C-alpha cells in the first residue's frame, strides 16, 4: 500500500510539473514576444471590424438594432474559434522546425499537451480584443453591445466554442504530424461554418436543408447559446436541448481527439518524425 501511495504521489507530482512547465512556457513567451502578441491583438481587432462593419451594410433598417448586437457577438464568437484553431493548430509546424517533438516524447511528454497550452494565448487575445472592438463598435453604431440579456450563457458559449476549437485543432495537429502537413493546412471549414454552422445566421432564419447540416456542426450549439445570452433570442431546439447536445458534441470531440493523438504519437514513436527542422 505504501509503494502504491508513493507511485501515485510521483505520478501526480510529474503531472503537476508538466502543467506548470507548459504554463510557464506560454506565459514567458507572451512576455518575451510582447510586440508580436500586440500585433496579434491589433490584427484580430481589424478582422473583427472588417467582418462586423461589412455585415452591417446588409442589415435592413428596421432590424438594425437587434441584428447589430447579434452580428457583433456572432463575429466575436467566430473569431475566437478561428483564433484558437490558428494559434493552436499551427504550432505543430513550429515544434517540427525547431526539432523538439522527439525531445518531448523521450521525456514521456506528449507534444500535443504542449500545443494545447497555446489556448492560453488564444484566450488572452480574445479577452483583450473584444472590449476594445466593442467600444469602437459603439462609437460607430451608437449601440451598446455590452448591455446583454444573460452574461452567464454568453460566457458559456465562448467557453464551449473555444473548447470545440481546441479539440478540433489538436485533431488537425495530430493528423498533420502523421501526414507531415502543417495542421492548419488541413483546415478548410472555418469560413464556411460562419454561415452553415449557425454562427452568423440564426437557425430560425435558415432553410430546412441548411438546418440539418447546422445540427451536425458543434459550433451551432455554442452560437445558439451566444444569441440567447446576448439578446434573449430563444434557441431553436430550446435551451435545455441545446445545452445537452452541445455537451455531447464536446465529449465526442474530446474522445476523437484523444484517439487520434494516441494513434499519431504511437506512429511517431515507431517511425520517427519525418520533417526537416530549421537550420
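Numbering (our numbering), first residue to last: 5 to 283.
Glycine residues also receive a C-beta, built at the ideal position from the N, C-alpha and C atoms.
Source: prediction; values computed, not measured.
On a CA-only basis, which of 268, 52, 183, 77 is nearest residue 236? Give me that one, please.
-> 77
Tell me whether residue 250 counts as near the ligand PLP, meaning its Cβ is closer than 8 Å to at least one heavy atom of that ligand.
-> Inclusion of the ligand PLP in the displayed structure is not the case, the ligand content being empty and no account of it being possible.
Own chain residues within Cβ distance below 8 Å of residue 281, not counting five before or after | Any reading at residue 281 needs caution, since the residue's pLDDT is 47, under 50, leaving its predicted position unreliable; the model's value is listed next. Only 100, 101, 102, 103 meet the Cβ criterion.
Residue 69 versus residue 146 - alpha carbon distance | 9 Å
Relative to the C-alpha of residue 161, which residue among 254, 107, 30, 50 is closest?
-> 254
Are there 16 or more other CB atoms within 10 angstroms of the CB of residue 20, so buried, or fewer, so exposed?
-> exposed
So, helix, strand or coil for residue 295, using DSSP?
-> With the chain represented from 5 up to 283, any question about residue 295 goes unanswered, as that position is not in the structure.
Could you give the C-beta distance for residue 92 and residue 133, rounded to a whole number, given that I count them as a contact under 8 Å?
-> In fact, because the Cβ distance is near 17 Å, the residues do not count as touching under 8 Å.
Given 8 Å, three or more beta-carbon pairs between the segment 176-183 and the segment 266-274 | yes
Cutoff 6 Å; reference residue 6; Cβ partners in own chain excluding five residues on either side | Here residue 6 scores only 49 on pLDDT, less than 50, and its place in the model should not be relied on; the value that follows carries that caveat. There are no such residues.
Does DSSP put residue 229 in a helix, in a strand, or in coil?
-> helix
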